[in-house]
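The structure appears right after this line, and notes come after that.
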Amino acid sequence: MKTAVPAFCLALTAAACGWFGGDDVQEPRNPIRVRSVSLAMSTESNGGWPVRVELVRVRDETLAGVLLRIEARNWFGDEGLGFRQANPLALYNAWEVVPGTNIGPFDIDERGDFAGVVFCGTRQPRPPLRLPQGGDLLIYIDNEGCNVTDAAEDSNGGWWPW
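Numbering-wise (the working numbering), the sequence shown opens with residue 1 and increments by one.
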């Protein structure tokens, strides 16, 4: 909770700067062009427990930096709630992936320039991941945690990389 308050204040400040001072918004450095997302999870990963995955897209590089400083376990708690409340214009997509399954593709195409961050609620703490620029993304979860690749470039056809 002690880290949630400063993170919430930082997110609120960043949101206010983006909301009221439109000229001060920093465009994403490398805007993503995501058309779809597929998710896959190996059979034995995360101790056999499902994993929550959330993709967050923002139009401001400062907000992307705020997101990258939030640990996944805190994202699925008070810090994530605070960020969502302070940034209602961000785009949020969430899934729960069960071991041994693949789901998708999900069409999440949106117009505009975005920076994107993925949070995976694995049992072992992992930092959030910045999205690559690719159009069709694969988020896969194994014993090492979450990984994000461009499904079109994945040598295994975009599904089971393990």
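All residues carry an ideal CB built from backbone N, CA and C; glycine is no exception.
What you are looking at is a predicted structure, and each value in this text was computed from that prediction instead of being measured.
- Contact check for Pro50 and Val98: beta-carbon distance about 5 Å, within the 8 Å limit, so the pair qualifies.
- The beta carbon of Arg33 sits closer than 7 Å to those of Gln133, Gly135, all from its chain and outside the five residues before and after it, given in chain order.
- The beta strand (DSSP E) runs lying completely inside the region 40-64 and spanning 3 residues or more are 51-58, given in chain order.
- From the listed residues Gly145, Val37, Cys120, the smallest Cα separation to Gly80 is found for Cys120.
- Contact between Asp107 and Ser36 holds, since their C-beta atoms are separated by about 5 Å, short of 8 Å.
- Within the same chain, Ser45 come within 6 Å of Asn143 by CB-CB distance, once the 5 residues on both sides are set aside.
- As DSSP reads the structure, Leu67 sits in no beta bridge.
- Looking from the CA of Gly116, the closest CA among Asp60, Met41, Thr43 belongs to Asp60.
- About 7 Å separates the Cβ atoms of Ala72 and Pro125, confirming a contact at the 8 Å cut-off.
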